[in-house]
Amino acid sequence: LLGTFIGDAFGLPFEGTPTKRLDALADQLERRAKNPRYWGYSDDTEMMISVGESLVEQEIVDPEHIFERLRTNFDPGRGYGKALRLNLTGCPDAPTGGTEWRSRGCGAAVRVAPIGALLADSKDAEKVTHAAIETARLTHESEEAVNGSVIQAHAVASLIRLEGEFAPSLFLKRLQGVVLANESPFIRRLRWIAENQGSGFTRDQVIERLGCSPLAIEAVPAALCSFLHSPRNLVRALLFACGLGGDTDSI
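The sequence shown begins at 460 in our numbering and counts up one residue at a time.
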């Protein structure tokens, strides 16, 4: 969880960097990595803290309590997306007191890590999936957004319960197995990652094949690539993730 907080804070100033400025961005990232200091964080970390607080207080995954904690901690200055702002500030059309959520963004995926951590010891994969779905749908109804949350939750749970050597191919195979629909574009993207992770990813390959926008279908696979680029070196993984440009804090 600390790694995700650091990634959010590290990448926040570079969010939205266009492709044409990526070469200049690399130097800025290196300087930032070598000069750590107090960094602010975005809505991604604020939501993750809210989920974590709820899990500690309730000792179970309680979607209603999580939603109330998200609303209590809501700080508009953190940079929430439009759908999340409307949802958490209240709108009568939404099933949970927000608006009708069709957002395809990665807002549900970026906050789900505490749930993966809590349920890492569970032998029931469906329990992880169900919790990720229920909490994602508090604010996101689109299949892509929900799938992104499910994949991220399982990725965290899988890595926490890892015993022995990390096997990227097995890790990715497991993630393909939890995708909610066989025809989901996530399947194609996870397969591409599996086929290419052995030879390493370049920045341009990830941008061209996966994208790096706030959409869950782009941000979640890009984050997986960044982790697989340097699974044992947080700084190198962060530099790769932020070097993609786009949604640098979420990725």
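Every residue, glycine too, gets a C-beta built ideally from N, C-alpha and C.
Which of the three DSSP states is assigned to residue 674 in this structure? Residue 674 sits at position 215 when you count from the first residue of the sequence shown. The answer is strand: DSSP assigns residue 674 an E or B state.
Contact between the segment 694-710 and the segment 465-477 (3+ Cβ pairs under 8 angstroms): yes
Does the Cβ-Cβ distance between residue 608 and residue 572 come in under 7 angstroms? Taking the first residue of the sequence shown as 1, we reach residue 608 at position 149. Taking the first residue of the sequence shown as 1, we reach residue 572 at position 113. Contact flag unset, no.
Nearest-angstrom Cβ-Cβ length linking residue 705 and residue 672, presumed shorter than 8 angstroms: Here residue 705 corresponds to residue number 246 of the sequence shown, with the count starting at 1. Here residue 672 corresponds to residue number 213 of the sequence shown, with the count starting at 1. 5 angstroms between Cβ atoms; contact.
Backbone CA spacing between residue 683 and residue 708 [nearest angstrom]: By one-based count along the sequence shown, residue 683 stands at place 224. By one-based count along the sequence shown, residue 708 stands at place 249. Approximately 14 angstroms, taken between the alpha carbons.
Check whether the segment 531-540 touches the segment 617-627, counting contact only when three or more Cβ pairs, one atom from each stretch, lie closer than 8 angstroms. no
Does residue 705 come out as helix, strand or coil in the three-state DSSP assignment? Along the sequence shown, one-based indexing puts residue 705 at 246. In this structure, residue 705 counts as strand in the three-state DSSP scheme.
For residue 504, the residue or residues it bridges with in DSSP: Taking the sequence shown and counting its residues from 1, one reaches residue 504 at position 45. Note: residue 504 sits in no beta bridge, so no partner.
Residue 592 to residue 605 span [Cα, whole Å]: On the sequence shown, residue 592 is found 133 positions in, with the first residue counted as 1. On the sequence shown, residue 605 is found 146 positions in, with the first residue counted as 1. Roughly 6 angstroms separates the two Cα atoms.
Cβ of residue 585 within 7 angstroms of any chain D Cβ: Chain labels in this structure do not include chain D; a single protein chain is all it has.
Nearest neighbour of residue 463, chosen from 505, 490 and 497 [CA to CA]: Taking the first residue of the sequence shown as position 1, residue 463 is located at position 4. Here the closest residue by C-alpha is 505.
Separation of residue 460 from residue 560, as counted between CA atoms: Here the question's residue 560 lines up with position 101 in the sequence shown. Here the question's residue 460 lines up with position 1 in the sequence shown. For residue 560, the predicted model reports a pLDDT of 45, less than 50, meaning its position is unreliable and no value from the coordinates is stated.
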